[in-house]
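There are 2 protein chains.
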Amino acid sequence: MTPPKTPDAPPARLSLISRHLAPVYPINTPYAVERLPSTVDTSLLPRIQVREITTTTPKMSQPAHPTLLIPGPIEFDDAVLQSMSHFSESHVSAGFVATFGETLSMLRKLFQTTDPASQPFVLSGSGTLGWDLVAANLIEAGEDVLVLGTGYFSDGFADCLRVYGANVTELKAPVGTKPTLPEIEKALSEKKYKAITVTHVDTSTGVLSELKNLSALVHKVSPDTLIIVDGVCSVACEEIDFDAWGLDGVVTASQKAIGCPAGLSISMFSGRAMKAFENRKSPPSAYFASMKNWTPIMQNYEAKKPSYFATPSPQLVHALHTALSQILAKPVAERFAGHKAASDKIKAAIGALGLKQVAANPDEQAHGMTAIYLPEGVKGAELLPILAKKGVVFAGGIHKEIVTKYIRFGHMGVSVLDPTRGDIERAVKALEEGLAELGYTKS
Amino acid sequence: MTPPKTPDAPPARLSLISRHLAPVYPINTPYAVERLPSTVDTSLLPRIQVREITTTTPKMSQPAHPTLLIPGPIEFDDAVLQSMSHFSESHVSAGFVATFGETLSMLRKLFQTTDPASQPFVLSGSGTLGWDLVAANLIEAGEDVLVLGTGYFSDGFADCLRVYGANVTELKAPVGTKPTLPEIEKALSEKKYKAITVTHVDTSTGVLSELKNLSALVHKVSPDTLIIVDGVCSVACEEIDFDAWGLDGVVTASQKAIGCPAGLSISMFSGRAMKAFENRKSPPSAYFASMKNWTPIMQNYEAKKPSYFATPSPQLVHALHTALSQILAKPVAERFAGHKAASDKIKAAIGALGLKQVAANPDEQAHGMTAIYLPEGVKGAELLPILAKKGVVFAGGIHKEIVTKYIRFGHMGVSVLDPTRGDIERAVKALEEGLAELGYTKS
């Protein structure tokens, strides 16, 4: 269950080698546990050894390209990108099963959960698939869900819940803010909700929602309500203490602070959430996103047993394994502190340029991205190409109420944690120069 | 709409370069067309040029590994694997939008459809997600669907359809066979079906379903019935003439004969199917798998306009672009013929070893895989590790009625089309030797 300790070498390559020395290819049958009993005792299988791979990782040089500083996808580490090119493996081979199993176990550490009842999921899909996982498995048609409205992405979660029949109440806050605890307490006292959803960082506004006190409030005033977090833009850059805070579900994606290319929906659910799923009166209302189909598969992979419901992506899972191994080589608290320190610097620099943030309140500002209002007269459609010319890619707006009025600067992963890259300094400088070229002077 | 012609150079690298010279990074806003009008005129944007990349593709050497000859994932070409390591790009950058758009256009050629009303989809997900796409968008709760039962995978499609409320009739054939045309005609005459589904190659048995006459029959006796094909184990190795045969939907995955790592659900729907979707009385019954959410995005990407619903996987899409460019460098008919020729050789060799196929009738045998009954007394759990030791990975059984009695040999993509690899010869030799080691002699 413990990820391999590889403090002094690229984990992916070591892992690759260890696979080659491990017993491999038991019976290559992609069966589902519900359908057939496990009959494979890998300890009895012959051990094979193919040609050993050199332990020196060839330095992968990414071609020169503008630095991607949007709120996901982010810039990726060389070793992670290299894992994406892993040679083809059977999704039920012992080597890949071990890699997938370790990946699931490492997620427990990232989410800070030691409760064995917690259940991780890694599925092929966009981050959005996590909303389906919640809506189609934890909620039944007609059940009430309270959605804390922070912007584009909380609206999306609400839409998804409605598709699967939830009766959604949206508690919306003005752009750039989040609902307050007294407002939430009032809403919870008016109706009994099956679940409350909170977008930890709404990527449309850069608003950070506080989870610890929110969760304590929900547990106090509505103890049966499941606490579901959209952590797409927060997992691996904002602190999430799954067990201590009593969270029931966190859904995220691979391409943001986790630092693995897009294509994986990643989530963690509490024992209480899994119980709620098991106690459904109706079957799950989706098939590919069904916990009924995936839970035994995830449990088998983590127990290092081959299992099949739908083919996972070995290459993406290898890349996630590499990314998580890198993340967990240091205490996660250091990672969160590193993102906060970088964010503080960026926000100070933006303030010094005379610019305002969409999230005005410092307590409500995300640490992995900054949504910046454009100065009067400066158009994003003019500024962004200038920044790109300077080698820095920012994102435009996405919140429909202010879409043309702001830009978004993503600062997650290697771009903030590897100071030798100088990504952030170049980005701030490019922003300053770009604004000056468009005639902006700090008033 | 035409993919770039790159007959004499690795297409992915050229494409990479062309991106760098193209106008890039218009306004980096991942907006959805339903929500905001397109305001970007890329022709007016500054052209930027970053350091040019060398045109010589460094020979990527995949580490030594056993040859993967299961019915997917298959062995991948070096250039395809290399595309998986593409540096990070914004999913709405002009460069990536062009790559994705060309990929969608190339799919039209692979499926042999020139009807502009046909609609391709490429989504992050396993092949199974294609079933959800059909079940949640083309079928409404209570509508009748006829599923032609050929094995494990037609059962799965039926399960998925039921989850979304379809009233499923399964016309099941004995293991190793498929329903006959008279049986299908009888079933179609007894009830009016919204759709009929056929698993082109059931990966559990290697049974090939014939589509041309089947489609003609359905069009004749039940002209309103949508003809939906599960082409997961057939697209890019079996002939599919989408327009000529009047098919309405073909769903597949990246990791089989297309030769791109797993992680993409790939599909094509006819104008008639899209009309059926638009004429739904109820909204689509899934969110991530909703055609309402994805159709405008796919249309925008193909028109080279940035668009956003959920983040696609740029790396996987680059790999698919490379794989499709390689496939379309030659007429698709040659590709199908190449798979047939290799399959004929393999089946002859298997016959010469005295082994029987699960699909007994030569007309019902797939050309990208062979399901082989084990001789009396030989266990798959013993034979497969011996083959692996010899550097060849086959798959075990998966059809529950015969699971321990057979093995599966996948022969798709580079393993059959690149004769210099010698994969097939080694596999047949390993099979012969492995059986001999277990005491088998041809009786």
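Chains A and B, in that order, are what the protein sequence lines are. For what it's worth, full-length UniProt numbering labels the leading residue of the first sequence as 1, then goes sequentially. For what it's worth, full-length UniProt numbering labels the leading residue of the second sequence as 1, then goes sequentially. Ideal Cβ positions, reconstructed from N, Cα and C, are used throughout, including at glycine. Computed from a predicted model, the values in this text were never measured in an experiment.
- Any Cβ of chain B closer than 7 Å to the Cβ of P120 (chain A) would place that residue at the interface, and such an atom is absent.
- Closest option to A381 (chain A), judged by alpha-carbon separation, among A:S307, A:S222 and A:L435: A:L435.
- In the DSSP annotation of this structure, the continuous segment of the beta strand (DSSP E) that includes L123 (chain A) starts and ends at Q119 to S124.
- For Q62 (chain A), the nearest CB of chain B lies under 7 Å from its own CB, placing it at the interface with that chain.
- A distance below 6 Å between beta-carbons, with the five flanking residues on each side excluded, links V414 (chain B) to the following residues of its chain, in chain order: E75 and D77.
- Put simply, of B:L171, B:V97 and B:V175 the residue whose alpha carbon is nearest the alpha carbon of K405 (chain B) is B:V175.
- Leaving aside the five residues that flank L217 (chain A) on each side, the residues in its chain whose CB is nearer than 7 Å to its CB run, in chain order, L181, I184 and E185.
- Fewer than three beta-carbon pairs drawn from the stretch 158-169 of chain A and the stretch 340-351 of chain A are found closer than 8 Å, and the two stretches are therefore not classed as touching.
- Under the Cβ criterion of 7 Å, I70 (chain A) is counted among the residues facing chain B.
- Distance from the CA atom of P284 (chain B) to the CA atom of D132 (chain B), rounded to whole angstroms, is 10 Å.
- The continuous stretches of beta strand (DSSP E) do not include I70 (chain A), and DSSP gives it neither H nor E.
- DSSP places D132 (chain B) within a helical segment (H, G or I) once states are collapsed to three.
- With a cutoff of 7 Å on beta-carbon distance, T150 (chain A) and D202 (chain A) are scored as near each other.
- A253, Q255, P261, A262 and G263: these are the residues of the stretch 229-263 of chain A whose beta carbon lies less than 8 Å from some beta carbon of chain B, given in chain order.
- Where N167 (chain A) is concerned, the enclosing beta strand (DSSP E) starts and stops at N167 to K172.
- DSSP, reduced to helix, strand and coil, places G231 (chain A) outside both helices and strands of the structure shown, so it counts as coil.
- The Cβ atoms of V198 (chain B) and L148 (chain B) lie closer than 7 Å to each other.
- Taking 7 Å as the upper bound on Cβ-Cβ separation, chain B lies near residues S124, G125, S126, G127, T128, L129, W131 and D132 of the stretch 122-134 of chain A.
- In the structure shown, A348 (chain B) falls within a helical segment according to DSSP collapsed to helix, strand and coil.
- Judged by DSSP in its simplified three-state form, E401 (chain B) adopts coil rather than helix or strand.
- Contact between F394 (chain B) and I70 (chain B) holds: their C-beta atoms lie close to 6 Å from each other, under 8 Å.
- In the three-state scheme derived from DSSP, where H, G and I count as helix and E and B as strand, Q326 (chain B) is classed as helix.
- In this structure, DSSP gives Y373 (chain A) an extended state, which the three-state scheme calls strand.
- Distance between A366 (chain B) and G72 (chain B), taken at the CA atoms: about 14 Å.
- With a contact defined as Cβ atoms closer than 8 Å, L324 (chain A) and S254 (chain A) miss out at about 10 Å.
- When the alpha-carbon of A173 (chain A) is set against those of A:K194, A:P63 and A:L208, the nearest one is in A:L208.
- A distance below 8 Å between beta-carbons, with the five flanking residues on each side excluded, links K356 (chain B) to the following residues of its chain, in chain order: I372 and Y373.
- Each residue's CA atom was taken as its position, placing M412 (chain A) and H318 (chain A) some 21 Å apart.
- I184 (chain B) carries a helical assignment under DSSP once its states are collapsed to helix, strand and coil.
- By the 16-neighbour rule on beta-carbons within 10 angstroms, S313 (chain A) is buried.
- Under a criterion of Cβ atoms nearer than 7 Å, the residues of chain B adjacent to L316 (chain A) are, in order, G263.
- The alpha-carbon of I139 (chain B) is positioned some 54 Å away from that of E432 (chain A).
- Two segments are said to touch when three or more pairs of C-beta atoms, one from each, lie closer than 8 Å; by this definition the stretch 287-294 of chain B touches the stretch 113-130 of chain A.
- At least one beta carbon of chain B lies nearer than 7 Å to the beta carbon of M84 (chain A).
- Neighbours of S313 (chain B) in chain A, taken as residues whose beta carbon is under 7 Å from its own, are P261, A262 and G263 in chain order.
- From the beta-carbon of I227 (chain A), no residue of chain B is found nearer than 7 Å; the closest lies around 21 Å away.
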